[in-house]
Structures are given as structure tokens and as C-alpha cells.
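J.: Mapping of the sequence shown onto this note's numbering: position 531 corresponds to residue 513, and the numbering continues sequentially without gaps. This is the structure I want to talk about, given as C-alpha cells.
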Amino acid sequence: MKVAVAGCCHGALDKMYETLELLQRRHNVRPDLLLCCGDFQAVRNEADLRCMAVPAKYRHMQTFYRYYSGEKKAPVLTVFIGGNHEASNHLQELPYGGWVAPNIYYLGYAGVVRFRGVRIGGISGIFKSHDYRKGHFECPPYNQQTIRSAYHVRNIEVFKLKQLKRPIDIFMSHDWPRSIYHYGNKKQLLKMKSFFRQEVESNTLGSPAASELLQHLKPTYWFSAHLHVKFAAFMQHETNSKDELPKATKFLALDKCLPHRDFLQIIDVEHDPNAGDSLEYDAEWIAVLKATNSLVNVTQSSWNMPEKNGLHAKWDYSVTEEAIKEVLEELNNDLKIPCNFTLTAACYDPSKPQKNMEPVHTINPQTTEFCAQFGLTDINDRIQQAKEESSGRGECEEEEEEEMDSTGSAEEPSEYNTDNSGLSSFNPDEIMLDDEGGDEDLSTCSVDPSPDHPPEFSTSFSDIRIMPDSMAVSSDDAMDSNNEELEKSGGSKQVEEKSSTERSLKRIGGDENGNSGVKKIKRRNQAIYAAEDEDKTD
-17 MKVAVAGCCH GALDKMYETL ELLQRRHNVR PDLLLCCGDF QAVRNEADLR CMAVPAKYRH
43 MQTFYRYYSG EKKAPVLTVF IGGNHEASNH LQELPYGGWV APNIYYLGYA GVVRFRGVRI
103 GGISGIFKSH DYRKGHFECP PYNQQTIRSA YHVRNIEVFK LKQLKRPIDI FMSHDWPRSI
163 YHYGNKKQLL KMKSFFRQEV ESNTLGSPAA SELLQHLKPT YWFSAHLHVK FAAFMQHETN
223 SKDELPKATK FLALDKCLPH RDFLQIIDVE HDPNAGDSLE YDAEWIAVLK ATNSLVNVTQ
283 SSWNMPEKNG LHAKWDYSVT EEAIKEVLEE LNNDLKIPCN FTLTAACYDP SKPQKNMEPV
343 HTINPQTTEF CAQFGLTDIN DRIQQAKEES SGRGECEEEE EEEMDSTGSA EEPSEYNTDN
403 SGLSSFNPDE IMLDDEGGDE DLSTCSVDPS PDHPPEFSTS FSDIRIMPDS MAVSSDDAMD
463 SNNEELEKSG GSKQVEEKSS TERSLKRIGG DENGNSGVKK IKRRNQAIYA AEDEDKTD
């Protein structure tokens, strides 16, 4: 079957689906599935805009609300993960995944589903070590810290995914797995994004958690976005035993969704011709969720997942074939995900803007139904209970006072001692948060749709590339750039990049909450939202 893969969507759903329709008209290629690797921006109304971690001047309604209201319907089944520019309050309603609109499915904090026999997994958010070991404690209305930490990857999601034993066909993450750039054309990457040089050379670009998953899951395909540059790599995995067949992953990072940018990729994926056309639950993943349910944490307490280190009574939460069979029996062997989308918030009305609409913490009926069916903890319900209990005591007690059972430990050090992931955010092609504005960013928004700059489809068709049979890069592409080649960029440029990197290091060199005494770097690229400005600067 044909799968279309998109990078950062940034709410431009009309643009994305129009491009797919053009592909069908011009090349007679109709994708069966569309995957989006984060920054989807499922913004329903003005309150959602306030929950999106971007400066107020970048908060535009875009076009998702038309699909949420039913005015439009996605022409192809769309599955996406969250990034770092999302309506976090909306996605938080669906921690285990669910429909954000008819035919548009969110994978949750982490998730695995099946479509036509193809196993698709993903993890939402980006990695930040200072939040990695915390629970999902955030809820709207967010403050300046939680509006950011809400989209940070947590160790429990990585732990759950590492319990999987069955092969994964496709996996998505928003930020890149750390070190993946060593398996592709690194020289070309640095030519396009020279400010990545120090991080690439020091091997600090990307997410160490995603890299850990890549080595464990060894999927056939891995797709990412976030850095707004297209990049392909081919990683041959080491085998753990003589009997194990060699595995390899074809990695592809996609550009952002803008006119005249190569933001879509079409690949052919082997599938089960006898499978139905419905999106399905994955039985092993459901069994893993059930097995790890006791590990759910909704506090700010930092703790590591169970390990075989003498501190935990249990550390292996992988599931047996019997447990998977029990899930199938519970579902009567019908794994079809119910089309139970429901509106949980008012939809934006251009004729009646509500600039003062406030976000509220909502428990989504889809999540309630899912948790009841499989005996899982409703994370948002647990957060709500914790808030009520705290309010009833009349004080906010320290989260560390909450008891931990023998499955986890709050005293263990983090497996990732430093947080260099913030360096990768110093990307002139990425929106950077301006922390100097105080709370005003959370209370202001623009409800006017951003200016439309549709591409001239009749004269340009550079938005799509149809993937050949093999995504493997050539040996020349995979060759590491030597030091001499890297030094050819010129002394003045290196000084400028060094200065930029130093500023980035200072920006993240604060306390555990990311606070710092130095002046914050202002987010400065309007290109994500203004295609015209982007084209002028490229």
C-alpha cells in the first residue's frame, strides 16, 4: 500500500490534503494512509491557541477547526503524533490516543496501531532531561513552565514501548534519534544546516530516548520532523545472537509543510491484502498498557522505571502470548478502533470570535471508554482527583510525599545526566520560545487565519517526492565528513556558529526547571507561519 508521510504540519491541513489531491490528479497516485510526524496543531478554538507554546504573534487559527466541526473531512485516514508546538490541552484529553476529528487519529503520548496489517508506532513530544523522569502532572490552565513541560517525553512511555517484542513496521518521533546523522549524508546535512555542526560533532543532536527506542525496536521505517530539513539515513542493526536475522532501519526526516518545500514523501509498504481498511488496536500494545498500568504517575516526582538492579521486585513488563490472547478474547477478536469521535469543546466561529475564551481541563469520553474497556487508569481523572484533594487540604503539598511502590524508585539517578537537547532548538528555521514576555503570551492570541499563500500548482510541484523501492543511501552519502571538509566553511562563519552555540548552552544552563539568569534567546523565525517570508529568506 502507499503511505504518505508529512513533516511538521503546523495546522496547514488544507495545504496538505490539497497536495495529496494534486498528486492523484497528476500522477494517479492515491495514498492509502497519511502519517504526520508532529506539530500537527489540532487547534479547535481560541482557548486552544493559548495552550500552544509559541509566542502570541504566531498563534493563528489555521484550518484544523474546519475538520473538527465537520465542515470538512480528511480525504485520507490520517495518523499523527504530537510535537512541541501543539494545542496541548486538546491532545492531553487523549493520553492513550483517539480521534481528534473524523478520520484523523492521534497516537497519544505513545501508541501502536495497525492498518492493513502494517504495525505503526510512535511517541509524541520532544526530549528534555529535566522532565524525563516526571509523571504527566500538567493540566490546563498552564503556566509558563507547564505549557512547555506538557509536551516533554517521559520515561514511562519509553519504558512501555521497550516492552514490545513483535516487529514494528513504521515508527514516528518528532525529534530525531540521537546519532542517526552518522548513518546518512552528514556532509550534506551540515551544508544545509551549518549551525548543527557542533552538536553533530559532539553527538548531542537529537533525543537519546528516541535513539534507545531505535536500537530496541529496530523498525523497518523511522520517520521524524522537528528540525525542518529533509534527511535520509540507513542504519544496520547489530544482531544479539547468531540465530537472529539482521535488521535495518530506513530513516527519513521530513521538512515542514510550506509551499515549494519537499514536505511529503510517498513510500510503498508491504501489507496484508486480506486485512480490512479500518484502523485497528494492536493487541500486544494493549496488553503492555494493562501490564504497566501500576506505573502510572501523575506527580512531579522524578523516578526511574524498573530495572534489574536489585532495587525493584519486578522489572520485566513484557507480555506473554497468553496475555495477548486474553486481549483478543476481550475484544471478541475484533480489533477495529471504534469511530467514537465526539466534540469536547466549542468550535471556532470566524463570525463570532471569542478572544477571552479560557482553556479548561477536560476528560474526553473516548479516553473514559478506552480505560473502562481495558481496566486502565484515566490519567486526566487521576490528575483531577489530585487537584481536588490538594484544594481540599488548602495547600499544595510537595509531590515527593506521594508514596512509591516497589515498582519504581525516586532515588535513582537519571540515565541521562545532561540535557543537550536544548541545543537543537537553536535552529533559525524553527520557532523559538520567547520567555521574556511573562504571562502575556498565555493570554493573547490571534484568531484571524494566517495569510494564505497557496502554491501555484500549475507551475510548481516540488512538495512531493515518491520514494523509490529502496531508501538506502549510497556509500558516498553515508561517508562521514572529515575534519578538513568541516573546516572549509570559513573562520568567520565558525566564529558566528560558535557564538550561537554558546548562547544556546547558556540558555539551557539554568536550574532544573530551565530557569536561567542569562537573557533568553528570542524565537525569531516567522517562516513556519508565513510562507512568503520563508521563500524570501531561503
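Even for Gly, the Cβ is constructed at its ideal location relative to N, Cα and C.
In or out: Asn10 buried (at least 16 other Cβ within 10 Å) or exposed?
T.: Exposed, because fewer than 16 other Cβ atoms sit within 10 Å of the Cβ of Asn10.
J.: Mind pulling the alpha helix (DSSP H) runs of 4 or more residues that sit fully within the region 295 to 328?
T.: Counting only runs of 4 or more, we get 303 to 312.
J.: Check Glu380 in the structure and name its three-state DSSP category.
T.: Low per-residue confidence applies at Glu380: pLDDT is 46, beneath 50, and the placement is therefore not dependable enough to give any value.
J.: Which class does Asn85 belong to by DSSP, given the choice of helix, strand or coil?
T.: In this structure, Asn85 counts as coil in the three-state DSSP scheme.
J.: Using only the alpha-carbon positions, how far apart do Pro335 and Leu(-5) sit?
T.: Those two C-alpha atoms are separated by around 21 Å.
J.: Just checking my contact of Met287 with Ile105 at CB under 8 Å: how many whole Å lie between their CB atoms?
T.: At roughly 14 Å, the Cβ-Cβ gap does not stay under 8 Å, so Met287 and Ile105 are not in contact.
J.: Would you mind giving the Cβ-Cβ distance between Tyr165 and Phe216, rounded to the nearest angstrom? I have them listed as a contact below 8 Å.
T.: Contact holds; Cβ gap of about 6 Å.
J.: From what residue to what residue does the alpha helix (DSSP H) around Cys353 run?
T.: From DSSP, the alpha helix (DSSP H) with Cys353 extends over Pro347 to Phe356.
J.: Looking only at C-alpha atoms, which of Ala132, Asn222 and Pro255 sits nearest to Asn66?
T.: Looking at the Cα atoms, Ala132 is the closest of the given residues.
J.: Buried or exposed: where does Arg101 fall if 16 or more other Cβ atoms within 10 Å of its Cβ makes it buried?
T.: By the 10 Å Cβ count, Arg101 comes out buried.
J.: Could you please give the first and the last residue of the uninterrupted beta strand (DSSP E) stretch that includes Val(-15)?
T.: It spans Lys(-16) to Ala(-12) - the beta strand (DSSP E) in which Val(-15) sits, taken as one unbroken run.
J.: Below 8 Å, can you find three or more Cβ-Cβ pairs linking the region 38 to 50 to the region 348 to 363?
T.: Touching, no.
J.: What would DSSP say about Asn137, mapped onto helix, strand or coil?
T.: It is helical.
J.: By Cβ distance, which residues of its chain are closer than 8 Å to Pro13, with the 5 residues on each side in sequence left out?
T.: Excluding positions up to five away in sequence, the list reads Lys(-16), Val(-15), Ala(-14), Leu2, Leu5, Val58 and Ile248.
J.: Would you tell me roughly how many angstroms separate the C-alpha atoms of Asp250 and Leu17, rounded to the nearest one?
T.: When rounded, the distance between both Cα atoms is 13 Å.
J.: Measuring CA to CA, which of Leu310, Ala269, Ile162 and Ala56 is closest to Ala192?
T.: Considering only alpha carbons, the answer is Ile162.
J.: For the alpha helix (DSSP H) that contains Trp204, what are its first and last residues?
T.: No alpha helix (DSSP H) contains Trp204, which is instead part of the beta strand (DSSP E) from Tyr203 to Ser206.
J.: Going by CA-CA distance only, name the one from Ala230, Asn322, Lys212 and Phe213 that's closest to Glu220.
T.: Of Ala230, Asn322, Lys212 and Phe213, the residue nearest in Cα terms is Ala230.
J.: Quick check: the Cα distance between Val301 and Glu312, rounded to an integer number of angstroms?
T.: In a straight line, the C-alpha of Val301 is about 16 Å away from that of Glu312.
J.: Quick one: what's got a C-beta closer than 8 Å to Leu171's C-beta in the same chain, skipping five residues either side?
T.: The answer, listed in chain order, is Tyr163, Phe178, Val182, Val211 and Phe213.
J.: Is it true that the region 123 to 132 meets the region 80 to 88, where meeting means three or more beta-carbon pairs spaced less than 8 Å apart?
T.: Short answer: they don't touch.
J.: Note down the Cα distance separating Trp158 from Glu68, rounded to an integer number of angstroms.
T.: Cα to Cα, the separation comes out at about 18 Å.
J.: If we ignore side chains and look at the alpha-carbon of each, how far apart do Gln23 and Arg32 end up?
T.: Near 12 Å, if we compare the C-alpha coordinates of Arg32 and Gln23.
J.: Taking the beta carbon of Asn315 as the centre, do at least 16 other beta carbons fall within 10 Å, making it buried, or is it exposed?
T.: So Asn315 counts as exposed.
J.: Taking its Cβ as the centre, do 16 or more other Cβ atoms sit within 10 Å of Lys200, making it buried, or is it exposed?
T.: By the 10 Å Cβ count, Lys200 comes out buried.
J.: Using C-beta distances below 6 Å, list every residue in its chain close to Asp113, excluding the 5 sequence neighbours before and after it, in chain order.
T.: So the list reads Ser131 and His134, once near-sequence residues are dropped.
J.: Measure the alpha-carbon distance for Ala(-12) versus Leu293 and round it to whole angstroms.
T.: Approximately 43 Å between the Cα atoms of the pair.
J.: Would you mind reading off the limits of the beta strand (DSSP E) that contains Ile268?
T.: Not the beta strand (DSSP E): Ile268 falls in the alpha helix (DSSP H), residues Ala265 to Ala273.
J.: Is it true that the CB of Ser189 sits closer than 7 Å to the CB of Phe62?
T.: It is not a contact, given that the beta carbons lie outside the stated cut-off.
J.: According to the neighbour-count rule (16 or more other Cβ atoms, all chains shown, within 10 Å of its Cβ), is Val342 buried or exposed?
T.: Exposed, since its Cβ has fewer than 16 Cβ neighbours within 10 Å.
J.: Ignoring anything shorter than 3 residues or poking outside the region 41 to 114, list the beta strand (DSSP E) runs there in chain order.
T.: DSSP runs (the beta strand (DSSP E)) wholly in the region 41 to 114: 60 to 62, 80 to 83, 86 to 88, 92 to 97 and 100 to 105.
J.: Of all the beta strand (DSSP E) runs that stay within the bounds of the region 189 to 257, which reach a length of 3 or more residues?
T.: Whole beta strand (DSSP E) segments, 3+ residues: 203 to 206, 213 to 218, 230 to 235 and 246 to 250.
J.: Taking C-beta to C-beta, are Val280 and Ile365 nearer than 7 Å?
T.: Yes, the pair counts as a contact, with Cβ atoms nearer than the cut-off.
J.: Can you tell me the Cα-Cα spacing of Phe233 and Tyr203, whole angstroms?
T.: Roughly 6 Å between the two C-alpha positions.
J.: What is the residue span of the alpha helix (DSSP H) that Ile152 lies within?
T.: Looking at the DSSP string, Ile152 is not in any alpha helix (DSSP H); the run it does join, the beta strand (DSSP E), is Ile152 to Ser155.
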